[in-house]
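Notes follow once the structure below has been shown.
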């Protein structure tokens, strides 16, 4: 009986190999052959699952995104009150900053992709901004629940606040990558923003 192939597992294995190459050598140095060597598979197998480098790199970004959301969910599951919007956003901040190896790799690879896509049409045509769009919508939903519960002021535009929170996390995360500030200092910047959002006058007045 022929062995059943888990194609999703193979794709994930190849994506993990690309992430390791990109984190070690830079995304600009990634080639299909280098990924095949890192993964311990043939170049033909990599090309079977991903017919272009652009699609391979984009698939790796989506793989990193899924892993990040899994870590975010795990952080929430460990909290005493995972239903709190503030706790949920604290967990988002902890996950979004490059404070550990996984967070550093995600931020480095995504930022590298975004920079390269500015001048590489094959990368730019991939829907890589859908990841931030999905996250922004998720943050908007969390903030909408917080507003309805009176955790933040009723006058807050939750869509704008979600965009600001995501943009701030990107910028502060970049400052950690380039050595402008430490991960601990970055967390304080993000916590300061959340304090102002949740502790302002007018919050906690809903029934």
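Numbering (my numbering), first residue to last: 56 to 262. No residue lacks a Cβ here, since even glycine has one placed at the ideal position from N, Cα and C.
Cβ neighbours of residue 148 within its own chain (closer than 8 Å, five residues either side excluded): 224, 242, 245, 246, 249. Between the region 129-140 and the region 64-79, the count of C-beta pairs closer than 8 Å stays below three; the two stretches do not touch. Rounded to the nearest whole angstrom, the CA to CA distance from residue 76 to residue 151 is 21 Å. Contact between residue 113 and residue 183 holds, with the beta-carbon distance rounding to 6 Å and staying under 8 Å.
In the same chain as residue 178, and ignoring 5 residues on each side of it, the C-beta atoms closer than 6 Å to its own belong to 109, 171, 172, in chain order. Distance between residue 124 and residue 94, taken at the CA atoms: about 24 Å. Look at residue 161 here: in three-state DSSP terms it is helix. In this structure, the straight-line span from the alpha carbon of residue 251 to that of residue 200 is close to 17 Å.
Comparing C-alpha distances from residue 180 to each of 222, 169, 193, 91 shows the shortest one belongs to 169.
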